[in-house]
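Below you'll find the structure, written out as structure tokens, and then a few comments.
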Amino acid sequence: MQIPLTDLAAQYAGIKDEIDEAVRRVISSGSFILGPEVEAFEQEMAAYCGTSHAVGVASGTDALQLALLACGVGPGDEVITTPFTFIATTEAIVNCGATPVFVDIEPETLNLDPSLVEQHVTQRTKALLPVHLYGHPCDMTRIMETARRHGLKVIEDCAQALGATWMGQRVGSFGDAGCLSFFPGKVLGAYGDGGMVVTNDADVAERLRILRNHGGRVKYYHEVNGFNSRLDALQAAVLRVKLGHLDGWLERRRDIAAAYADGLANIEDITTPIVVDGAVHAFNYYTIRVAGGAQRRDALAAHLKSHGIASAVYYPLALHLQVVYRQLGYSPGGFPCAEQAQEAVLSLPIYPEMTALAIDATVDSIRAMVPDST
Ligand SMILES: *Cc1c(COP(=O)(O)O)cnc(C)c1O
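Under this note's numbering, the sequence shown is numbered contiguously, ending at residue 374.
Spelled out as structure tokens, the structure:
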């Protein structure tokens, strides 16, 4: 049995008629960049996220960069974020001319530790950039409290967490801007790149609309230096179809996570992901932790692979240890929880179309290698 990390072909098979109709509709319309399809999707996404505005852009990475710019982040500013995330989070900060300032993560959720943020706030701190890693929401109550106390902007990286909630409220709707990715492997994936910023701030939304379209509101009249970073109509049409299925898919992801938690309970040296009180997880990834170091984790991945089961390590090297950030002056030992996580994490197959048979096969394969402690 071959079990992929995610199965986009199976997903398409289930929604083929709707998708094909939507794609034909856009091609027949002759309107491909922004336009009515993107506007309709923006309204639907704002409603879904519980924000008053949504602005479609070319990728999740662009969503982060444009959101930071729209919130006034620029050269000389510091942005506090997690070292345990995808590089796009900090690329966006650096591309604005600002400096990422890392703060260690919580050992359980692997998200930015809100209790450590305050001690890193300086005169230069402009914004906090929490990442809802794997789909588990950050403690936005504490992050917003810290931000308010120090007058900081908050930009949420929701690339892995569309649909997740904290205290009943959707991620992306807490801070000044929430950034979404429609990369194909994300919970809501396009057939190509795409991204979006959701916000309750009309001024931020207006600046984003200008920034994404060459710095102007009216064609050939430019107010600021902008970008070509627009969501295209074909992707928007595809995403509108998929949005109609999203809640069902998220429910299925949670069911699979529950089945994994059952199947992998009481295995010595395996920790299944927790969901803290007040959080609803989106389970973009189902990430276990394997004790005993990277070699042991990698041996389990190799064992799974030999049984046809895919897995992935998000992420094998925390950002403060990356070559690209050498000049920031961090060193090994700087963030013990992030460094422990990079040695331990292993993400297992999870996708709405995953069968009970495939879940069982994955659990059995793990149990065959790691002895039960009970
Ligand atoms: C995927 C991802 C991004 C970037 O999204 P793209 O659409 O691929 O540009 C940013 N942050 C995190 C945490 C991600 O997982």
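Ideal placement from N, C-alpha and C gives every residue a C-beta, glycine not left out.
Cβ-heavy atom distance, residue i to ligand 1, below 7 Å
i, result
"Leu250", "no"
"Lys242", "no"
"Ala258", "no"
"Ala159", "yes"
"Gly333", "no"
"Thr85", "yes"
"Asp232", "no"
"Leu346", "no"
"Thr99", "no"
"Val131", "yes"
"Ala88", "yes"
"Thr61", "yes"
"Leu69", "no"
"Lys186", "yes"
"Ser181", "yes"
"Gly195", "yes"
"Leu64", "yes"
CA-to-CA distance, residue j to residue i, given in whole angstroms
i, j, result
"Ile87", "Leu319", "7 Å"
"Gln11", "Leu152", "41 Å"
"Gly192", "Lys242", "14 Å"
"Asn225", "Val23", "33 Å"
"Met354", "Pro4", "9 Å"
"Met167", "Gly30", "43 Å"
"Arg209", "Arg217", "8 Å"
"Cys49", "Val187", "14 Å"
"Tyr260", "Ala54", "34 Å"
"Asp201", "Ser365", "49 Å"
"Ile105", "Asn111", "5 Å"
"Ala237", "Tyr220", "27 Å"
"Ile80", "Thr61", "17 Å"
"Leu317", "His132", "18 Å"
"Leu246", "Leu304", "29 Å"
"Gly14", "Gly35", "28 Å"
"Thr374", "Val57", "For Thr374, the predicted structure reports a pLDDT of 49, less than 50, and the residue's modelled location is therefore unreliable. A value from the coordinates is still provided. About 50 Å."
"Asp269", "Glu42", "44 Å"
"Leu129", "Glu44", "25 Å"
"Phe335", "Asp113", "11 Å"
"Ile267", "Met369", "10 Å"
"Pro332", "Val121", "22 Å"
"Val101", "Ser173", "23 Å"
"Leu8", "Ile33", "25 Å"
"Gln340", "Phe182", "29 Å"
"Gln119", "Val73", "20 Å"
"Arg148", "Leu231", "32 Å"
"Gly244", "Glu251", "13 Å"
Beta-carbon proximity of residue i to residue j, cut-off 8 Å
i, j, result
"Val204", "Ala70", "yes"
"Glu78", "Thr146", "no"
"Ala282", "Leu162", "yes"
"Tyr285", "Gly189", "no"
"Gln160", "Gly194", "no"
"Leu239", "Val290", "no"
"Asp157", "Leu68", "no"
"Ala361", "Met1", "yes"
"Thr271", "Ile288", "yes"
"Pro375", "Ala279", "Given that the chain is displayed from residue 1 to residue 374, the structure contains no residue 375 and the question cannot be resolved."
"Ala294", "Pro83", "no"
"Glu37", "Val26", "yes"
"Thr6", "Gly185", "yes"
"Ser311", "Leu348", "yes"
"Leu66", "Val154", "no"
"Ala177", "Thr199", "yes"
"Val94", "Val103", "no"
"Tyr325", "Gln342", "no"
"Thr85", "Val276", "no"
"Pro352", "Trp249", "yes"
"Ile350", "Arg253", "yes"
"Val363", "Leu211", "no"
Which residues DSSP lists as bridging residue i, in chain order
i, result
"Phe130", "The residue you asked about is not Phe; residue 130 is Pro in the sequence shown. Answer is none; Pro130 lacks a bridge partner."
"Asp157", "Val131 and Cys179"
"Val26", "DSSP, once it has assigned bridges, lists no residue as partnering Val26."
"Glu78", "Thr99 and Thr125"
"Gln11", "Partner(s): none; Gln11 has no beta bridge."
"Gln169", "Trp166"
"Ile143", "In the DSSP output, where bridge partners are listed per residue, Ile143 has none listed."
"Ile33", "Asp232"
"Ile3", "Ile309"
Secondary structure, alpha helix (DSSP H): runs of 4+ residues fully inside the segment 174-259
202-212
List, from N- to C-terminal side, the alpha helix (DSSP H) runs of 4 residues or more that fit wholly inside the segment 82-135.
88-95 and 114-117
I'd like the ranges of any beta strand (DSSP E) spanning at least 3 consecutive residues and lying wholly in the segment 274-357.
286-290 and 345-348
Which residue spans inside the segment 38-70 form an unbroken beta strand (DSSP E) run of at least 3?
Whole beta strand (DSSP E) segments, 3+ residues: 53-57.
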